[in-house]
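These protein sequences, in sequence, are chains A and B. Just so you know, we're using the working numbering here: the first sequence kicks off at 901 and counts up by one. Just so you know, we're using the working numbering here: the second sequence kicks off at 901 and counts up by one. C-beta: ideal position from N, C-alpha, C; glycine also. See below for the structure under consideration.
Number of protein chains: 2
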Amino acid sequence: MPREDRCQCRVIHEERIAGARETALDKRETGLLAQLFKAMADLTRLKIIMALAQDEMCVCDLAAFLGVSESAVSHQLRMLRQLQLVSNRREGPVLYYRLADHHVSKLIEFALEHIRE
Amino acid sequence: MPREDRCQCRVIHEERIAGARETALDKRETGLLAQLFKAMADLTRLKIIMALAQDEMCVCDLAAFLGVSESAVSHQLRMLRQLQLVSNRREGPVLYYRLADHHVSKLIEFALEHIRE
DNA sequence: TGGATATATGAGCATCTGTTCAGATGCTAA
DNA sequence: TTAGCATCTGAACAGATGCTCATATATCCA
């Protein structure tokens, strides 16, 4: 990539840019990271995850707890399912959702410590 | 909140909803959490944070490293500054940005472990 | 099988978000 | 003070996102 494609400024610290490039994660992992954070960046999804960290819940329970429509919950659960953050178990017509992995709730706890400083 | 305002379904586990309500964080903390995750949910910002975790960098360096305009970088840095995730130091006309707190990069490392499983 | 319940899904829509562009600000040196 | 560079900022626009509504699917039971 020729210099003029990158930046017109005079003050560039080439070595820092090179350093950043070296330590940077590959595109795939960076994308996955962003996806994971995006999953928790929405209030509805964040609350779903935190609720499921306590106990499994059905769509209806979650909708009641969050005060949103079941359709909205279902749409968000779909995204969380696709990211394999939650899984479900069927009992008759009812689907019970739970966290697929408690790594995520640890991540939230960790972030919470940052907020509380 | 009367029952009919919440959910029309017959199958509700009142005690789970109550349990979720009890353990739920207050509105302010939940909002801050979502904001923090949102800050890391965008590829540009995530890369900025990861780059600054290595070394401080000026806007120009970051723009060159990321391959985006300086204006775009500046806008994103503004958001990260408002969330107090980054701070800067002036040296003449150049502003050097760095992480305000390495908690954030630890958070990324932690999330990375989840991704690598 | 038919009807009721729980959930899923797709389309449509309003809002949010990230970028670009133009212009403003701040610092330095001549 | 003026010119030049680095950065910031606001407006505008395109694309992403989350919700709603209508409909589809799945399970159970009469």
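- Taking a beta-carbon distance threshold of 8 Å, Q976 (chain A) does not count as an interface residue toward chain B.
- Each of A:V959, A:A920, A:D942, A:L983 was checked against the Cα of Y997 (chain A), and the nearest Cα belongs to A:V959.
- As summarised for the region 948-1017 of chain B, the continuous beta strand (DSSP E) elements at least 3 residues long and confined to that stretch are 986-991, 994-999, given in chain order.
- Counting C-beta pairs closer than 8 Å gives fewer than three between the region 976-988 of chain A and the region 940-952 of chain B, which falls short of the contact rule.
- L925 (chain A): not part of any alpha helix (DSSP H); DSSP gives it neither H nor E.
- Within chain A, not a single residue places a beta-carbon under 9 Å from that of D926 (chain B); the smallest gap is close to 12 Å.
- Taking all protein chains in view, the Cβ of K938 (chain A) is crowded by 16 or more other Cβ atoms within 10 Å, so the residue is classified as buried.
- Annotated as distal: L1012 (chain A) and H1014 (chain B), with beta-carbon spacing of 8 Å or more.
- Rounded to whole angstroms, the separation of the alpha carbons of A964 (chain A) and E970 (chain A) is 8 Å.
- Measuring C-alpha to C-alpha distances from K947 (chain B) to each of A:D961, A:D955, A:D926 identifies A:D926 as the nearest.
- The DSSP-derived three-state label of I912 (chain B) is coil.
- Taking the Cα positions, E922 (chain B) is about 22 Å away from Q976 (chain A).
- Counting only residues of its own chain and dropping the five nearest sequence neighbours on each side, V968 (chain B) has a CB closer than 7 Å to the CB of T944.
- For A941 (chain A), the secondary structure class from DSSP, reduced to helix, strand or coil, is coil.
- The straight-line gap separating the alpha-carbon atoms of H913 (chain B) and D955 (chain A) is approximately 11 Å.
- Taking C-beta atoms as the reference points, A972 (chain A) and S987 (chain A) fail to come closer than 8 Å.
- Taking 8 Å as the threshold, the shortest C-beta distance from I949 (chain A) to chain B does not fall below it.
- For R916 (chain B), the number of other beta carbons within 10 angstroms of its own is at least 16, and it is reported as buried.
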